[in-house]
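Chains A and B, in that order, are what the protein sequence lines are. Counted the way the UniProt record's numbering counts, the first sequence spans residues 1 to 472. Counted the way the UniProt record's numbering counts, the second sequence spans residues 1 to 104. Beta carbons: idealized from backbone N, C-alpha and C, even for Gly. Remember, it's a predicted structure, so these values are computed and weren't measured experimentally.
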Amino acid sequence: MSTLQTIASLIYLISAVCYVLGVHMMRSPKTARKGNGLSAIGMFMAVIMIIIEVVADGKITATGWIVLIAGLAVGLSYGVIKARKVPMTDVPQLVSLFNAVGGGAAAVIGIFDYLMKGDGVALSLAFSIPVFLDVIIGGITFSGSLIATGKLSGKVPGKPITFPGAKIVNIIVVLGMLVAAWFMLATPTNIWFVVLGLAMALIFGLLMTLPIGGADMPVVVSLLNAFTGLAVAFAGFVINNQVLIIAGALVGAAGTILTLQMAEAMNRSVANILAGGFGTGDSDSGSAGPDVPVDVKETSADDIGLQLAYAQNVMIVPGYGLAAAQAQHEVAELATVLTEKGINVNYAIHPVAGRMPGHMNVLLADVNVPYDQMKQLDDANPMFESTDVSLVIGANDVTNPLARESGNEISGMPILDVDKSKSVVVIKRSMSTGYAGIQNPLFSLDNTQMFFSDAKVGLQDIVAATKQYLDD
Amino acid sequence: MSEELFTNLAIFVLSLLVGFEVMSKIPATLQTPMMSGANAIHGVVVVGAFVIAAEANSWVFYILAFFGAVFAAINVAGGYTVTDRMLGMFDRKPKAKSEGDDSK
């Protein structure tokens, strides 16, 4: 080992330590930002080191430099500008997009090294197996994450997309992948083998993601994120670079655990989600709910304003509908109006409220809601007994008391005990069911009133009404 | 099995175990930022983009190297930036400063 190689190995080791410690620190809100910073420092060190290695090696051509620098400049500026400008409601699809290109980059590395071997060369399994896995997994995450991005941003319909004969097509694609595996692993190199493998992987990514409903996308994005980690680790085997192996495996494993936790919070199993075709996806797609007439009381913005103005403890229960309507500014304004008059306002945040687990906290923090007003499930539930008005905004399944009973789709799912508060006001666009596709008895309780409106418009009216009563 | 491959395999398996251990239970609040942070870490693939660009010697490989560099750079730069932005929102900050943030 030359001196430079020794230094490089040490630097890569230090940067790998930074990633592990970074992830560790990101588990707690107090140290999370520093953790991400530490991980970024590790990344910076690894990049500086590879630049030194490439320069010292001296084999790179002038065109190679131009291609590299141009590519990095394009990617860097696009990534940073997107990341800076994106509204907080659109973060999930941006993360999914970043994940797609990560998988794409890993696949490109595999294809590059496979083709570099030249045509008709017999490969050792030690090389061909990682190359195959790299290209296949990278390809799947590339197309799969792009579809997930499209579904989250509404460019691809959120409802599960299936077509007649989908099963047969799936089987053909899997067979195609096995054929590609045979050719890539057991026969000498040929450009068309890797093209076949990539094509099958890209199609598989599409077929895997299209039938899954929009509301399940967070779990899918997280799963694909773990996949990309593995693809990057295999790319590390291909180019024999250990920092790729460590970081990729770390993300693959940590991402898997995260996926399981997200699925658990949504009371779904990952297998169930991947099977697809259950429910309708978006909770506001409307038509899905059976037209069962339910006895509910309707109310007006004016009446809600009156209730809020004379309440002592108000609990806001934000849900997917609030995120979809981008009504976080309005809800924060309402809370400010009430707090200024000495009314206690808190937010009860279900782990899966919003578009992704934890996304609601980010949305509310973005509009300067104080951190201590955001109550997580376990802290919020004991508070409902002493709550005068619970304001449920665009949330449904996470408040459904049926979860406490057995024998239905959401049995056992942790819910917010909204029904225990003195009065419940539900702001919702229609009586349609939530993602689970079942009726919510909360809506027909004696102490519940419904306000049928878009979250943003409805809240604006409520703010106006509340101000009027508070100013009296 | 070559020694190199064995070393890499050992590193791979141990890193997987570290990944499983280091995650344990995390609060739901941090799940989205954590996913984004992990997403940024696999942006380390940018190191691989350098490695292939250094070997490229004909137009097919230059094109591949270019796309590798673009993709990897988006992943790593965008990933860290958006994660930091998300986590920055949890810092209690004076209102004046946050308004400054919004304007950029």
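State buried or exposed for Ser287 (chain A), treating a residue as buried only when at least 16 other CB atoms are found within 10 Å of its CB.
Numbered from its first residue, the first sequence carries residue 287 (chain A) at position 287. For Ser287 (chain A), the predicted model reports a pLDDT of 38, less than 50, meaning its position is unreliable; a value from the coordinates is still stated below. Ser287 (chain A) comes out exposed.
Between the stretch 100 to 122 of chain A and chain B, which residues of the former have CB atoms less than 8 Å from a CB of the latter, in chain order?
Cβ contacts with chain B come from Val101, Gly102, Gly104, Ala105, Ala106, Val108, Ile109, Ile111, Phe112, Asp113, Leu115, Met116.
If you measure from the beta carbon of Glu4 (chain B) to each beta carbon in chain A, is any gap under 9 Å?
Locating residue 4 (chain B) in the second sequence gives position 4, counting from the first residue. Yes, Glu4 (chain B) lies at the interface with chain A (some Cβ there is under 9 Å from its Cβ).
With 16 as the cutoff for other CB atoms within 10 Å, does Val121 (chain A) come out buried or exposed?
Taking the first residue of the first sequence as position 1, residue 121 (chain A) is located at position 121. Per the 10 Å Cβ criterion, exposed.
Measuring only the C-alpha atoms, how far is Leu224 (chain A) from Gly342 (chain A)?
Working through the first sequence from its first residue, we reach residue 224 (chain A) at position 224. Working through the first sequence from its first residue, we reach residue 342 (chain A) at position 342. Their backbone Cα atoms lie some 46 Å apart in a straight line.
Between the CA atoms of Leu9 (chain B) and Phe237 (chain A) - distance to the nearest angstrom:
Residue mapping note: residue 237 (chain A) aligns to position 237 of the first sequence, counting from 1. Residue mapping note: residue 9 (chain B) aligns to position 9 of the second sequence, counting from 1. Phe237 (chain A) and Leu9 (chain B): Cα-Cα distance of roughly 8 Å.
Identify which residue in B:Ala56, B:Val76, B:Ser36 has its Cα closest to the Cα of Asp59 (chain A).
Stepping through the first sequence from its first residue, residue 59 (chain A) is reached at position 59. Per the sequence shown, the amino acid found at residue 59 (chain A) is Lys instead of Asp. Taking only the C-alpha atoms, the option nearest Lys59 (chain A) is B:Ala56.
Measure the CB-CB distance between Gln326 (chain A) and Val345 (chain A) and report whether it falls below 9 Å.
Along the first sequence, read from residue 1 onward, the residue named residue 326 (chain A) stands at position 326. Along the first sequence, read from residue 1 onward, the residue named residue 345 (chain A) stands at position 345. No, the pair does not count as a contact, with Cβ atoms beyond the cut-off.
When DSSP labels each residue in this structure, what does Asn346 (chain A) get in the three-state scheme?
Your numbering for residue 346 (chain A) matches position 346 in the first sequence. In the structure shown, Asn346 (chain A) sits in a strand (DSSP, three-state: E or B).
To the nearest angstrom, how far is it from the Cα of Asn381 (chain A) to the Cα of Asp84 (chain B)?
Here residue 381 (chain A) refers to the residue found at position 381 of the first sequence. Here residue 84 (chain B) refers to the residue found at position 84 of the second sequence. When rounded, the distance between both Cα atoms is 31 Å.
For Leu416 (chain A), name the three-state secondary structure that DSSP assigns.
Here residue 416 (chain A) refers to the residue found at position 416 of the first sequence. Correct three-state label for Leu416 (chain A): coil.
Mind pulling the chain B residues with CB within less than 7 Å of His24 (chain A)?
Translated into positions along the first sequence, residue 24 (chain A) becomes position 24. Near His24 (chain A) (Cβ distances below 7 Å), the residues of chain B are Val22.
Let me know if Ser103 (chain B) comes out buried or exposed under the rule of 16 or more other beta-carbons within 10 Å of its beta-carbon.
Counting from one through the second sequence, the residue named residue 103 (chain B) turns up at place 103. Reliability of the predicted coordinates at Ser103 (chain B) is poor, the pLDDT of 36 falling under 50, and no value is obtained from them.
One question on the structure: do His350 (chain A) and Pro414 (chain A) come within less than 9 Å of each other, judged by their Cβ atoms?
Here the question's residue 350 (chain A) lines up with position 350 in the first sequence. Here the question's residue 414 (chain A) lines up with position 414 in the first sequence. In contact: His350 (chain A) and Pro414 (chain A) (Cβ atoms closer than 9 Å).
Does Lys422 (chain A) get closer than 9 Å to chain B when you measure Cβ to Cβ?
By one-based count along the first sequence, residue 422 (chain A) stands at place 422. Not closer than 9 Å to any Cβ of chain B, the Cβ of Lys422 (chain A) fails to qualify, so no.
So, using beta-carbon positions, are residue 474 (chain A) and Phe227 (chain A) closer together than 9 Å?
Any answer about residue 474 (chain A) is impossible in this case: the structure gives chain A only from 1 up to 472.
Can you find a C-beta in chain B that's less than 9 Å from the C-beta of Gly342 (chain A)?
For this step, residue 342 (chain A) is matched to residue 342 along the first sequence. No, Gly342 (chain A) lies away from the interface with chain B (no Cβ there is under 9 Å from its Cβ).
Nearest-angstrom Cα separation, counted from Phe204 (chain A) out to Val174 (chain A)
Walking along the first sequence from the start, residue 174 (chain A) turns up at place 174. Walking along the first sequence from the start, residue 204 (chain A) turns up at place 204. Cα to Cα, Val174 (chain A) sits roughly 8 Å from Phe204 (chain A).
Thinking C-beta only, is Val369 (chain A) closer than 9 Å to Ala335 (chain A)?
Translated into the one-based positions of the first sequence, residue 335 (chain A) becomes position 335. Translated into the one-based positions of the first sequence, residue 369 (chain A) becomes position 369. Yes.
Name the chain B residues whose beta carbon is nearer than 8 Å to that of residue 544 (chain A)?
Residue 544 (chain A) lies beyond the residue range present for chain A, which begins at 1 and ends at 472; the question has no answer from this structure.
Let me confirm a value: Gln5 (chain A) is counted as buried when at least 16 other C-beta atoms fall within 10 Å, else exposed. Which label applies?
Walking along the first sequence from the start, residue 5 (chain A) turns up at place 5. When all chains shown are included, Gln5 (chain A) counts as exposed.
Which residues in chain B sit within 9 Å of Gln326 (chain A), going by Cβ to Cβ distance?
Position 326 of the first sequence, counted from the first residue, corresponds to residue 326 (chain A). Those do not exist, as Gln326 (chain A) stays about 15 Å from chain B at its closest Cβ, beyond 9 Å.
Backbone secondary structure at Gln376 (chain A) - three-state DSSP:
As a position in the first sequence, residue 376 (chain A) is number 376, starting the count at 1. Residue state, collapsed to three classes: strand.
Going by CA-CA distance only, name the one from A:Val194, A:Leu377, A:Met43, A:Leu97 that's closest to Ser145 (chain A).
Numbered from its first residue, the first sequence carries residue 145 (chain A) at position 145. Ranking A:Val194, A:Leu377, A:Met43, A:Leu97 by CA distance to the CA of Ser145 (chain A) puts A:Leu97 first.
Mind checking if Gln460 (chain A) is an interface residue toward chain B, Cβ cutoff 9 Å exclusive?
As a working note, residue 460 (chain A) is residue 460 in the first sequence. Output row for Gln460 (chain A): interface = no.
Run through the stretch 430 to 457 of chain A for me and flag every whole beta strand (DSSP E) of 3 or more residues, listed as ranges in chain order.
448 to 452
Looking at chain B, is there any beta carbon in it that lies within less than 9 Å of the beta carbon of Asn241 (chain A)?
One-based indexing of the first sequence puts residue 241 (chain A) at position 241. Cβ-Cβ to chain B under 9 Å: yes for Asn241 (chain A).
Per-residue burial, Leu68 (chain A) [other beta carbons within 10 Å of its own, 16 or more giving buried]
If you number the first sequence from 1, residue 68 (chain A) lands on position 68. Buried.
Fully enclosed by the stretch 13 to 38 of chain A, which beta strand (DSSP E) runs are 3 residues long or longer?
none
Quick one: list the residues of chain B neighbouring Pro29 (chain A), beta-carbon separation under 8 Å, in chain order.
Taking the first sequence and counting its residues from 1, the one referred to as residue 29 (chain A) is at position 29. Here the neighbours are Pro27, Thr29, Leu30, Phe90.
What do you get for Leu17 (chain B), buried or exposed, if any count of 16 or more other CB atoms within 10 angstroms of its CB means buried?
Taking the first residue of the second sequence as position 1, residue 17 (chain B) is located at position 17. Exposed is the call here.
Work out the CA separation of Arg404 (chain A) and Thr259 (chain A) for me, nearest whole Å.
Position 259 of the first sequence, counted from the first residue, corresponds to residue 259 (chain A). Position 404 of the first sequence, counted from the first residue, corresponds to residue 404 (chain A). Taking the straight line joining both Cα atoms gives about 25 Å.
Is the beta carbon of Ala465 (chain A) within less than 8 Å of some heavy atom of the ligand NAD?
This structure lacks the ligand NAD; in fact it carries no ligand of any kind.
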